[in-house]
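Following the numbering used here, the numbering of the sequence shown begins with 587 at its first residue and continues without gaps.
Glycine included, every Cβ here is placed at the ideal spot set by N, Cα and C.
Please read all numbers here as calculations on a predicted model, not as lab measurements.
Quick notes on the structure that follows.
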Amino acid sequence: MNSTPSRPPSGDHYDVAILGAGLAGAMLAAVLARNSVKVLLIDAATHPRFAVGESTIPYTSAVTKIVAARYQVPEIDALSGFRTVHEKITPMCGRKQNFGFIYHREGHPQDPALTNQMVISERQGTETHLFRQDTDAYLYRVAVGYGAEPRTGTRVTDIKIVPERGVMLRTDTDEEFHASYVVDAGGFRSPVAAALGLREEPTRARTRSRALFTHMVGVTPYDQVPAGRSNGQPVPWHHGTLHHVFDGGWLWVIPFDNHDESRNGLCSVGLTLDERAHPRPDRSPQEEFDGFLRRFPDIAEQFTHAKAIRPWVRTGRLQYSSTRTVGDRYCLTAHAAGFVDALYSRGMTSTLEVVNALGWRLIEASRDGDWSTERFADVDTMQQGLFDVHDDLVYSSFVSFRDYDLWSAVLRVWHAVSILPTVVVQRALRSYLQTGDDQVFRDLEVTDTPGFPRRSATTSPRCWPSPGRPARRWSPVPCPRARRPSVCSPGWTRLRSSRRPSSSAIRPTSSSR
Ligand SMILES: Cc1cc2nc3c(=O)[nH]c(=O)nc-3n(C[C@H](O)[C@H](O)[C@H](O)COP(=O)(O)OP(=O)(O)OC[C@H]3O[C@@H](n4cnc5c(N)ncnc54)[C@H](O)[C@@H]3O)c2cc1C
């Protein structure tokens, strides 16, 4: 795809300049442009480009449906389930019918009893292993199709913010762009965080992990290796995202080739390690990965014929956070604001939550010209909450990795805190589709537990149109292509473990961190 179709004149003034045309930037640009906001979408790279973060969860899909319906961008709805991704976007993605967790103890054969699988029933929908280079390029095209001004292959090198007036961006092509507001969707390199010194040093995250990851060919489905054949799980491990868990870290296996219609033989593989127990060694990532496989021969069986087809990426500590994510004339989206760990696949979900919360605020600001910081303040509260909730979950998980019963208990906590918010947002969407009242979603933001949607939102009388109270509706420009999305699927199903945790399982061992 030629991603530099036309060059916007650099003297123009935009309502919103978005840095980064990835999942966050491109989706927000589509939402805004669809609703007549004048948007500049600028990226240092060109599509298609590699991006990590491939595994969706039911919450991701539920919020995707909300964004599509609420802002009347039906093309976004195609991202909310495996079938529509496959048919409408790309045949390169994998399907995710389960979350599989296999517990390993170094020096011991893998015990089939120490496994957990959460099945997403096909009747309720299928999650996706997104091949991000294709799905991000698709979103970029959608944004440009609705009128966002694209500028790719252009790096933002300098940012000046004058609170009373707006924002000036300077690029490596020596151009200047002016906007009333800047959204930084630039990922962990966040130009706004760098320019304004927003990074929290040191980060408040308690999790301490680093990662090495790549795409591979020739990864054997775990169901076909000796240890995997005897697990007796409800659905094949290969039909979902597989997590190998062990004391000190975890390994993800995200196949794109796990269905008959796939055109993609790749598999995303990533090793995440506690950086204190496993400091970065003085050898190549491939050698480090091979060394890891020697410690876990049952896992190694899966990689006997595997080969990395792109250079490994090896990170330093993954965690970073920001003191503020919203300020005068700017907002950072989730991945620019902070990151914890890929465990539980919450990154894209947080990204979509922020896009959803920013969308209506930016549309209203562009209509009434009021860009005051207070208007966006709740987005910061939400983002900081999302970060802290995820850090609590992941930190607890790393502590528990040393003992299966404790790990199994933490997994149940994750299960509980994942299901309830999913059901809440799915019910909110159903209510919205019945009433058309945008207040349903605004109520969700009001919560005393930032990072979780308000639980009572769907039972609140405000969610239902009362006699005499007109529904609060969006009034975007009518779109001839718009269609009503189908009602979202009700949720996911069961967590299976072959072993129940003992009563002592939730007591941390004396050596817990
Ligand atoms: C190791 C790892 C594994 C992950 N796994 C998962 C997962 O399984 N599931 C999940 O939901 N999430 C996962 N995530 C999180 C997920 O990757 C992010 O939530 C998601 O990619 C965020 O998208 P984004 O558009 O904000 O950022 P990105 O996709 O990083 O896009 C940022 C864009 O900004 C551009 N940019 C940067 N600087 C500049 C500049 N100065 N000027 C112009 N452009 C610039 C870049 O070129 C890039 O295109 C993972 C993250 C990591 C690090």
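Quick check on DSSP: helix, strand or coil for residue 680?
DSSP places residue 680 in the strand class (E or B) of the three-state scheme.
Buried or exposed for residue 899, going by 16 or more other Cβ atoms inside 10 Å?
Exposed: under 16 other Cβ atoms inside 10 Å.
Going by the DSSP bridge assignment, what does residue 916 pair with across the sheet?
Residue 916 is bridged to 768, 913.
Would you identify the three-state DSSP class for residue 854, choosing helix, strand or coil?
It is a strand residue.
Does any C-beta atom of chain B lie closer than 7 Å to the C-beta of residue 768?
Checking the listed chains, one finds no chain B in this structure; it contains a single protein chain.
DSSP three-state call for residue 675: helix, strand or coil?
Correct three-state label for residue 675: helix.
Taking only three categories from DSSP, how would you classify residue 821?
Coil at residue 821, not helix or strand.
On the criterion of 16 or more Cβ atoms from any shown chain inside 10 Å, does residue 800 qualify as buried, or is it exposed?
The residue is buried, with at least 16 neighbouring Cβ atoms inside 10 Å.
State the CB to CB distance for the pair residue 971 and residue 1037, rounded to an integer number of angstroms; the pair is presumed to be in contact (CB under 8 Å).
Correct: roughly 3 Å between the Cβ atoms.
Proximity winner among 1017, 929, 664, relative to residue 1004 (alpha-carbon distances):
For residue 1004, the nearest C-alpha among the options comes from 929.
Tell me whether residue 737 is buried or exposed, calling it buried when 16 or more other Cβ atoms sit within 10 Å of its Cβ.
Classification for residue 737: buried.
Would you call residue 895 buried or exposed, if buried means 16 or more other Cβ atoms sit within 10 Å of its Cβ?
With a threshold of 16 other beta carbon atoms within 10 Å, residue 895 falls short and is exposed.
Less than 8 Å between C-beta atoms, sequence neighbours within five positions excluded: which residues of the same chain meet that for residue 1070?
Bear in mind that a pLDDT of 29 at residue 1070, under 50, signals an unreliable position, so the number given afterwards is only what the model happens to contain. Here residue 1070 has 655, 1019 as same chain residues with Cβ atoms under 8 Å from its own Cβ, once five neighbours each way along the sequence are excluded.
Integer Cβ distance of residue 645 from residue 1011, believed to fall under 8 Å
Residue 645 to residue 1011, Cβ: 7 Å. Contact.
Specify, as a first and last residue, the run of the alpha helix (DSSP H) that residue 656 falls within.
Here the alpha helix (DSSP H) through residue 656 covers 644-656.
Should residue 615 be counted as a contact of ligand 1 given a C-beta to heavy atom distance under 6 Å?
At a cut-off of 6 Å, the beta-carbon of residue 615 does not count as near ligand 1: no heavy atom of the ligand is closer than that.
Would you tell me roughly how many angstroms separate the C-alpha atoms of residue 684 and residue 844, rounded to the nearest one?
Approximately 12 Å between the Cα atoms of the pair.
Does ligand 1 have a heavy atom nearer than 6 Å to the CB of residue 914?
Incorrect: residue 914 has no Cβ contact closer than 6 Å to ligand 1.
May I ask you to verify whether the region 745-762 touches the region 688-705, counting CB pairs closer than 8 Å and requiring at least 3?
Segments in contact, no.
For residue 742, is the classification buried or exposed, using 16 other Cβ atoms within 10 angstroms of its Cβ as the cut-off for buried?
Buried.
Enumerate in chain order the residues of its own chain whose CB-to-CB distance from residue 1068 is below 7 Å, with the five nearest sequence positions on each side excluded.
Below a pLDDT of 50, predicted positions are generally treated as unreliable, and residue 1068, at 33, falls in that range; no measurement from the model is reported.
For residue 863, count the other beta carbons within 10 Å of its own beta carbon; 16 or more makes it buried, fewer makes it exposed. Which is it?
Classification of residue 863: exposed, given that the 10 Å Cβ count is below 16.
Going by DSSP, what residue range makes up the beta strand (DSSP E) through residue 623?
Judged by DSSP secondary structure, residue 623 falls outside any beta strand (DSSP E); it is assigned neither H nor E.
At what residues does the beta strand (DSSP E) containing residue 838 begin and finish?
Counting along the chain, the beta strand (DSSP E) containing residue 838 begins and ends at 835-841.
Express the C-alpha separation of residue 643 and residue 717 in angstroms, rounding to a whole number.
Each residue's alpha carbon lies about 15 Å from the other.
Taking three-plus beta-carbon pairs below 8 Å as touching, is the region 823-832 in contact with the region 675-684?
Note that the region 823-832 touches the region 675-684; at least 3 beta-carbon pairs, one per stretch, sit closer than 8 Å.
List the residues that DSSP assigns as beta-bridge partners of residue 690.
Looking at the DSSP assignment, residue 690 forms a beta bridge with 832.
Does residue 891 pass the burial test, meaning 16 or more other C-beta atoms within 10 Å, or should it be called exposed?
That one is exposed.
Rounded to whole angstroms, what's the CA-CA distance from residue 807 to residue 783? Just pull it up for me.
Roughly 45 Å between the two C-alpha positions.
DSSP state of residue 1005 mapped onto helix, strand, coil
Here residue 1005 sits in helix by DSSP.
Return yes when at least one heavy atom of ligand 1 lies under 6 Å from the C-beta of residue 826, else no.
Residue 826 has its Cβ no nearer than 6 Å to any heavy atom of ligand 1.
Closest to residue 927 by CA distance: which of 961, 960, 858 is it?
Closest in alpha carbon position to residue 927, among 961, 960, 858, is 858.
When burial is assigned at 16 or more other CB atoms within 10 Å of the CB, is residue 575 buried or exposed?
For residue 575 there is no data in the structure shown, the boundaries of the chain being 587 and 1099.
Given this structure, state the Cα-to-Cα distance separating residue 1064 from residue 613, to the nearest angstrom.
Summary for residue 1064: the model assigns pLDDT 42, below 50, so the residue's position carries little reliability; its value from the coordinates is reported in the next sentence. A direct Cα-Cα distance of roughly 19 Å separates residue 1064 from residue 613.
Between which two residues does the beta strand (DSSP E) containing residue 736 stretch?
735-737 is the extent of the beta strand (DSSP E) around residue 736.
Inter-stretch contact at 8 Å, needing at least 3 Cβ pairs: the region 978-985 / the region 995-1004
Contact check between the region 978-985 and the region 995-1004: three or more CB pairs, one atom from each, fall below 8 Å, which counts as touching.
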